[in-house]
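**Student:**
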Amino acid sequence: KQEVTQIPAALSVPEGENLVLNCSFTDSAIYNLQWFRQDPGKGLTSLLLIQSSQREQTSGRLNASLDKSSGRSTLYIAASQPGDSATYLCAVRHQNSNSGYALNFGKGTSLLVTP
Amino acid sequence: NAGVTQTPKFQVLKTGQSMTLQCAQDMNHEYMSWYRQDPGMGLRLIHYSVGAGITDQGEVPNGYNVSRSTTEDFPLRLLSAAPSQTSVYFCATTGGYEQYFGPGTRLTVT
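Residue numbers (this note's numbering), protein chains in the order written: chain A, 1 to 115; chain B, 1 to 110.
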């Protein structure tokens, strides 16, 4: 079974800092990897999707990288703002899943950006 | 274009009661799924469907039932609620690449 681990579990940084969230997965036979943001009591908002053939994706201040062979992805947030405070979830879709398009989720990194 | 909608947003049940969580999508996607999210556990797959009339079990299917009569709707039924089913439930859909999630239903079973 694909295991997805996110480190750190929680992170607190002052506004303006650049930061990196880490995600690792045990089975490198993935189809794609998706980063989500979840605000307290809310649903999941998709941030970035990286296909297995890609190395990185960028959207605004966010950059996600993928190293499939080592089973790692990072989410880089530049110039953090208090509005970035949320839980960030990493999810992997396996290449030959017997659950169709199901995702395996990490437990998330809870980010707090202080003014 | 509402995307994925879920009702109700909140629900409190007594042990042994049954209920149906509703999920609808207007994206014309074939694949739909249900997850539950528990503190410290991450999201786990309950059931999924690859199209109307086709459903299958995920990682934690016990105590839940699903059916898929239309492309748009994928209801999740709790047959006899138990306190262990207290959780936040998310419905999701995908057209093959990105997954889109509903806003969730927060369920408490007392």
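No residue lacks a Cβ here, since even glycine has one placed at the ideal position from N, Cα and C. In this text the structure is predicted, and so the values were computed from the model without any measurement.
Could you confirm whether any beta carbon from chain A is found closer than 7 Å to the beta carbon of Leu43 (chain B)?
**Tutor:** Within the second sequence, numbered from 1, the residue matching residue 43 (chain B) stands at position 43. With 7 Å as the cut-off, Leu43 (chain B) counts as an interface residue toward chain A.
**Student:** Short of 7 Å in beta carbon distance, which residues of its chain neighbour Ala86 (chain A), apart from the five on each side in sequence? Order them along the chain.
**Tutor:** Residue 86 (chain A) sits at position 86 when you count from the first residue of the first sequence. For Ala86 (chain A), where only same-chain residues beyond five positions count, the Cβ hits under 7 Å are Arg37, Gln38, Asp39 and Leu111.
**Student:** Which term fits Arg61 (chain A), buried or exposed, when burial requires 16 or more other beta carbons within 10 angstroms of its beta carbon?
**Tutor:** In the first sequence, counting from the first residue as 1, residue 61 (chain A) sits at position 61. It counts as exposed.
**Student:** Would you call the stretch 10 to 25 of chain A and the stretch 70 to 85 of chain A touching, i.e. three or more CB-CB distances under 8 Å?
**Tutor:** Yes, the stretch 10 to 25 of chain A touches the stretch 70 to 85 of chain A.
**Student:** May I ask you to list, following chain order, the residues of the stretch 87 to 111 of chain A that have a beta carbon less than 9 Å from some beta carbon of chain B?
**Tutor:** Hits within the stretch, in order: Leu89, Ala91, Arg93, Asn98, Ser99, Gly100, Tyr101, Ala102, Leu103, Asn104, Phe105, Gly106, Lys107 and Gly108.
**Student:** Shortest alpha-carbon distance to Leu21 (chain B) belongs to which of B:Phe101, B:Cys91, B:Thr110 and B:Glu98?
**Tutor:** Residue 21 (chain B) sits at position 21 when you count from the first residue of the second sequence. Looking at the Cα atoms, B:Cys91 is the closest of the given residues.
**Student:** Go through its chain and collect everything with a Cβ distance to Asp27 (chain A)'s Cβ below 7 Å, but skip five positions before and after it.
**Tutor:** The residue labelled residue 27 (chain A) in the question sits at position 27 within the first sequence. Here the set comprises Gln2 and His94.
**Student:** With a threshold of 7 Å between beta carbons, is Ile83 (chain A) in contact with chain B?
**Tutor:** For the purposes of this step, residue 83 (chain A) is taken as the residue at position 83 of the first sequence. Sequence check: residue 83 (chain A) is Gly here, not Ile. No - not a single Cβ of chain B is within 7 Å of the one on Gly83 (chain A).
**Student:** Under 7 Å Cβ-Cβ, which residues of chain B neighbour Gln2 (chain A)?
**Tutor:** For the purposes of this step, residue 2 (chain A) is taken as residue 2 along the first sequence, with counting starting at 1. Per Cβ cutoff of 7 Å: no residues; Gln2 (chain A) is ~11 Å from chain B at best.
**Student:** Taking Gly43 (chain A) as the query, report the chain B residues whose CB atoms sit under 7 Å from its CB, ordered along the chain.
**Tutor:** The count along the first sequence starts at 1 and reaches residue 43 (chain A) at position 43. Those within 7 Å of Gly43 (chain A) in chain B are Phe90, Phe101, Gly102, Pro103 and Gly104.
**Student:** Quick one: residues in its chain with C-beta nearer than 6 Å to the C-beta of Gln57 (chain A), no 5 flanking neighbours on either side, listed in chain order?
**Tutor:** To locate residue 57 (chain A), count along the first sequence from 1; it is residue 57. If we look at Gln57 (chain A) and ignore the five residues flanking it on each side, its Cβ neighbours are Leu48, Ile50 and Ala64.
**Student:** Just how far apart, CA to CA, sit Asp73 (chain B) and Phe105 (chain A)?
**Tutor:** For this step, residue 73 (chain B) is matched to residue 73 along the second sequence. For this step, residue 105 (chain A) is matched to residue 105 along the first sequence. Their backbone Cα atoms lie some 24 Å apart in a straight line.
**Student:** Could you spell out where the beta strand (DSSP E) holding Arg61 (chain A) opens and where it closes?
**Tutor:** On the first sequence, residue 61 (chain A) is found 61 positions in, with the first residue counted as 1. Per DSSP, Arg61 (chain A) belongs to no beta strand (DSSP E) and is neither H nor E.
**Student:** Would you kindly report the start and end of the unbroken beta strand (DSSP E) that includes Asp84 (chain A)?
**Tutor:** In the first sequence, residue 84 (chain A) corresponds to position 84, counting from 1. Looking at the DSSP string, Asp84 (chain A) is not in any beta strand (DSSP E), and its letter there is neither H nor E.
**Student:** Terminal residues of the continuous beta strand (DSSP E) containing Tyr89 (chain B)?
**Tutor:** On the second sequence, position 89 is the one that residue 89 (chain B) refers to. Segment Ser87 to Thr94, the beta strand (DSSP E) holding Tyr89 (chain B).
**Student:** Along chain B, which residues have their Cβ under 9 Å away from the Cβ of Ser46 (chain A)?
**Tutor:** The count along the first sequence starts at 1 and reaches residue 46 (chain A) at position 46. Neighbours of Ser46 (chain A) on chain B, chain order: Glu98, Gln99, Tyr100 and Phe101.
**Student:** By the 10 Å Cβ neighbour count, where 16 or more other Cβ atoms means buried, how is Ile54 (chain B) classified, buried or exposed?
**Tutor:** As a first step, residue 54 (chain B) must be located in the second sequence, where it is residue number 54. Under this definition Ile54 (chain B) is an exposed residue.
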